[in-house]
Amino acid sequence: MEKELLQECKEKLLTEKKKILERYLEKEETQQRIEEESKEPRDWEDIGQLTYTEELLDNLSHMEVNLLKEIDLALKKIDAGTYGICENCGTEIPMARLKAIPWTRYCARCAEEVEKETGTYMSSYGFEPLLTENIEIEREDLGEA
């Protein structure tokens, strides 16, 4: 892999890591504020909203922790000289994929297989793009001039 492209991927990984860590600090501040507010909840609706917000923040942090692990692994692979090689089939991952998902460990074909095995695969069949050319819009506020 070209040194320039490798450096570009490394910079993307470090930028994403920085963003996640900044969001984590904001999350910590938000949870601290929620804890202070929950000491004296006003009614059941307030309690429900606080609980929902805490659960949402916990779920986000879990996903971000996993992403941080993937980013750290990718950075280690860059240092080891193994970055950009599919962990499943051993082929070189296309640069377009690495630019889009710099922490990926698999080529697109193998990623789909792994997703099917782990139950995280989302097929794209049945999706039809919205064609706007046949949409008619009727508005009463627009008269003919």
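Remember, the working numbering sits 1 above the position in the sequence shown when you count from 1. The beta-carbon is built from N, C-alpha and C at its ideal position, and this holds for glycine as well. Here the structure is a predicted model, which is why all the values come from computation and not from measurement.
In DSSP terms, what residue i is bridged to
{"i": "I86", "result": "E93"}
beta-carbon residue i near the ligand NAP non-hydrogen atom, thresh 7 angstroms
{"i": "K4", "result": "Ligands are entirely absent from the displayed structure, and the ligand NAP is therefore not among its contents."}
Exposure label - residue i; buried when at least 16 CB within 10 Å
{"i": "A112", "result": "buried"}
{"i": "E75", "result": "It is Ala, not Glu, that sits at residue 75 in the sequence shown. A75 is buried by the Cβ-count criterion."}
{"i": "C108", "result": "buried"}
{"i": "C10", "result": "buried"}
Proximity below 8 angstroms, CB of residue i to CB of residue j
{"i": "I72", "j": "L14", "result": "yes"}
{"i": "R98", "j": "T105", "result": "yes"}
Supposed close pair residue i, residue j - CB separation, criterion 8 angstroms
{"i": "L7", "j": "I79", "result": "6 angstroms"}
{"i": "I21", "j": "E65", "result": "5 angstroms"}
{"i": "L69", "j": "K18", "result": "6 angstroms"}
Q) Three or more beta-carbon pairs under 8 angstroms between the region 17 to 32 and the region 105 to 121, yes or no? A) Using a Cβ-Cβ distance cut-off of 8 angstroms, the region 17 to 32 and the region 105 to 121 are not in contact, since fewer than three pairs of beta carbons, one from each stretch, lie closer than that value.
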